[in-house]
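In what follows, a structure is listed as structure tokens, so that the remarks can point back to it.
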Amino acid sequence: MDEIWSRKIQGIINLDSSREFRFRDDRKELFLSLLGLKDGMVIADIGCGPGTITRKLAQWLSKDTRVIGIDRDRHFIQFAKRKAEEMEMANLQYLLGDGLDLPLEDDSVDASLSHTVIEHVPHREFLLEQKRICKKGGRVSVMYTLPKLKLQSSPEKEIHPTEEEKEGLSRLFNKEDHILEEYKVGKYWPDPAKLPALFHELGFQDIQIDAVAMPFVIDDSRYSLEEKIAMAQVEGNSLLENIEMAIQSGNDQLDASEVKELKRRIRERMDQRIQRIRREEFIWDYRISVMEIVSGRV
0 MDEIWSRKIQ
10 GIINLDSSRE
20 FRFRDDRKEL
30 FLSLLGLKDG
40 MVIADIGCGP
50 GTITRKLAQW
60 LSKDTRVIGI
70 DRDRHFIQFA
80 KRKAEEMEMA
90 NLQYLLGDGL
100 DLPLEDDSVD
110 ASLSHTVIEH
120 VPHREFLLEQ
130 KRICKKGGRV
140 SVMYTLPKLK
150 LQSSPEKEIH
160 PTEEEKEGLS
170 RLFNKEDHIL
180 EEYKVGKYWP
190 DPAKLPALFH
200 ELGFQDIQID
210 AVAMPFVIDD
220 SRYSLEEKIA
230 MAQVEGNSLL
240 ENIEMAIQSG
250 NDQLDASEVK
260 ELKRRIRERM
270 DQRIQRIRRE
280 EFIWDYRISV
290 MEIVSGRV
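Per numbering that gives the first Met the number 0, residue 0 is the first one in the sequence shown, and the count goes up by one each step.
Have a look at this one:
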């Protein structure tokens, strides 16, 4: 096992925060229905990351439900275990393991799911391994976003990065593409038609295709003031975390004073957005992505 993803690809706080907003509590019934999840099941979340979805499922379902999170990144697993202990979730279990060689017995779970994992691994092996661990009648569900299907607003009052900030970020990240290539990030992006066809070829029954809109709208009236501020902080903190990851990976494109100035500009922009939220100045700077769910019964 390794620490590659959490150290070089996507930071723990960034990933956990973004998934918290994707899997909001007001979408509980929607996700449970689409994934075919019910009380009392044994459920495996493959590539669980920091455990966001597993914690949601443990909260949404009864205490006799068993939820197992599996990830190959030890930092994610350590974070997930710590959060589960803090929240006293006894029906959660976390295991270090590879999605292509799961540390579970044959026919041991009622449902297996994954979120934004299929695009990073060979599809056939990934699906067959989940089919192996599922009991007869169990459901395997694959969730992934469709990057070409995105609605994004461009309001007049949007707070844009300064040219200095954009230039600093460009210099810092212009050599990061080799990391994505080295670790096969996004190498296996699914074809929307071929993925369900593969489910059928591998013997899955009752194949279903669903799509869920994933809005990130700070000014939405359903959010409390605290939630809106947290959403505004997500993007700024994500950038700050990515900067730290790049520096720790040995990126020396910016000197210490330039890094400090870049962080200051990002925090300043984030603070401006929060101030507008507090003053109830609506900007409507939002984006809506689409998540596809392909599932089949063993």
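Where is the CB? At the ideal position from N, CA and C, for every residue including glycine.
In angstroms, rounded to a whole number, what distance separates the CA positions of residue i and residue j?
{"i": "Val41", "j": "Lys62", "result": "11 angstroms"}
{"i": "Glu124", "j": "Glu234", "result": "34 angstroms"}
{"i": "Glu226", "j": "Gly202", "result": "43 angstroms"}
{"i": "Val66", "j": "Glu155", "result": "45 angstroms"}
{"i": "Asp70", "j": "Gln247", "result": "22 angstroms"}
{"i": "Asn131", "j": "Asp105", "result": "Asn is not the amino acid found at residue 131; the sequence shown has Arg there. Distance between the alpha carbons of Arg131 and Asp105: 5 angstroms."}
{"i": "Gly96", "j": "Ile117", "result": "16 angstroms"}
{"i": "Lys134", "j": "Leu253", "result": "53 angstroms"}
Applying the 10 Å Cβ sphere with the 16-neighbour rule, what's the burial state of residue i?
{"i": "Arg73", "result": "exposed"}
{"i": "Ser308", "result": "Beyond the ends of the chain as shown, which are 0 and 297, falls residue 308; an answer cannot be given."}
{"i": "Leu238", "result": "buried"}
{"i": "Arg221", "result": "exposed"}
{"i": "Pro214", "result": "exposed"}
{"i": "Met86", "result": "exposed"}
{"i": "Trp4", "result": "buried"}
{"i": "Leu224", "result": "exposed"}
{"i": "Ser16", "result": "buried"}
{"i": "Asp190", "result": "exposed"}
{"i": "His114", "result": "buried"}
For residue i, does the three-state DSSP call read helix, strand or coil?
{"i": "Gln207", "result": "strand"}
{"i": "Ile158", "result": "coil"}
{"i": "Asp24", "result": "helix"}
{"i": "Leu127", "result": "helix"}
{"i": "Phe281", "result": "coil"}
{"i": "Met235", "result": "According to the sequence provided, residue 235 is Gly. The question's Met does not apply to it. It is helical."}
{"i": "Val41", "result": "strand"}
{"i": "Ile8", "result": "helix"}
If we call anything under 9 angstroms between Cβ atoms a contact, is residue i one with residue j?
{"i": "Ile52", "j": "Gly68", "result": "yes"}
{"i": "Asn250", "j": "Leu168", "result": "no"}
Could you check if residue i belongs to the surroundings of the ligand MN, using beta carbon to heavy atom distance under 8 angstroms?
{"i": "Val297", "result": "As for the ligand MN, it is missing from this structure, which has no ligand bound."}
Can you name the start and end residues of the alpha helix (DSSP H) that residue i belongs to?
{"i": "Ser140", "result": "First-last for Ser140: Cys133 to Gln151, but that is the beta strand (DSSP E), not the alpha helix (DSSP H)."}
{"i": "Gln77", "result": "Arg73 to Glu85"}
{"i": "Gln58", "result": "Thr51 to Trp59"}
{"i": "His119", "result": "Unbroken run through His119: none, as it is neither H nor E."}
{"i": "Ala196", "result": "Lys193 to Glu200"}
Which residue comes first and which comes last in the beta strand (DSSP E) that contains residue i?
{"i": "Glu291", "result": "Arg286 to Arg296"}
{"i": "Leu95", "result": "Leu91 to Leu95"}
{"i": "Arg65", "result": "Arg65 to Asp70"}
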